[in-house]
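Counting with the working numbering, you get residues 215 to 414 for the letters of the sequence shown.
See structure below.
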Amino acid sequence: MSATSTPPTTSTAPRTTPAPTVPTVHVSTVSESTAPTVPAVTIRSTVPGPARTPGTRTRTPSPDAPLPPVTWEDLIAAVRLEGQYTSAAEAGRVTRAVLSALGAQVIGDERVDLAHRLPREAARALASQVPATRRVTAAEFVDDLASREDIPPATARWHAGSVLTAVASLLEDDLITRVLATLPSGYALLFGRAELPPAA
């Protein structure tokens, strides 16, 4: 009787696939003390603002608040800028001449209030002339200034416009409106204002 060969025993257990080897990643921890310092970026506005004095605050005045007193230097600087005069001395001479001529035309409370708001040197020039008995037109005012200063009418008009526009820029609008109300039509242009038609 021949020997019966026994087949090899086959294992039925599932094969276990070895897990892939994951390389070890070394993460360096950077401490706060060794971290690079990023410089702070300061963003400044490119729009210029008003100059401020340390320890003070910039305050916007109320529309009803009176303007600060005008100095002679303020007035001459404004006249010099408006008229493009080469020196403060020239601007001062022109300012006195124009205000002296204006003093003959402005009367009443407006004359007093205008002199009160102007610096002392300018108020003295305004009061140096006795008010005329007749208000002259703006054209006559310029011609009179040209005659008194011995200059061409065109130059006299330039001087008058430069000084009176500068004055109007430094004083309250209400005061300038009142002064113009006492004068014949045509003066508004000398004060740098549009000439409005008379009310119906």
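We treat Cβ as the ideally placed atom computed from N, Cα and C, and that holds for glycine.
- For Leu313, the secondary structure class from DSSP, reduced to helix, strand or coil, is helix.
- Excluding five sequence positions before and after Glu324, the CB atoms of its chain that fall closer than 6 angstroms to its own CB belong to Arg392, Val393, Thr396, given in chain order.
- Pairing Val344 with Thr300, the inter-Cα distance amounts to about 31 angstroms.
- Under the 8 angstroms Cβ criterion, the segment 360-374 does not count as touching the segment 320-337, having fewer than three qualifying pairs.
- With a cutoff of 7 angstroms on beta-carbon distance, Phe405 and Leu378 are scored as near each other.
- Residue environment for Val326: exposed (fewer than 16 other C-beta atoms within 10 angstroms of its C-beta).
- Bounds of the alpha helix (DSSP H) holding Thr391 are 387-395.
- Collapsing the DSSP output to three states places Ser342 in coil.
- In the three-state DSSP reduction, Thr351 falls in the coil class, being neither helix nor strand.
- According to the DSSP assignment, Ile365 belongs to no alpha helix (DSSP H), since it is labelled neither H nor E.
- Burial check for Thr309: the Cβ neighbour count within 10 Å reaches 16 or more, so the residue is buried.
- Distance from Ala339 to Leu359 at the Cβ level is roughly 13 angstroms; contact not present, criterion being Cβ atoms closer than 8 angstroms.
- For Arg331, the enclosing alpha helix (DSSP H) has its first and last residue at 322-331.
- Assigned with DSSP and collapsed to three states, Ser383 falls in helix.
- Cβ contact annotation for Leu389 (same chain, cutoff 7 angstroms, sequence separation greater than five): Asp327, Leu328, Arg331, in chain order.
- Here Gln319 is buried. Its C-beta has 16 or more other C-beta atoms within 10 Å.
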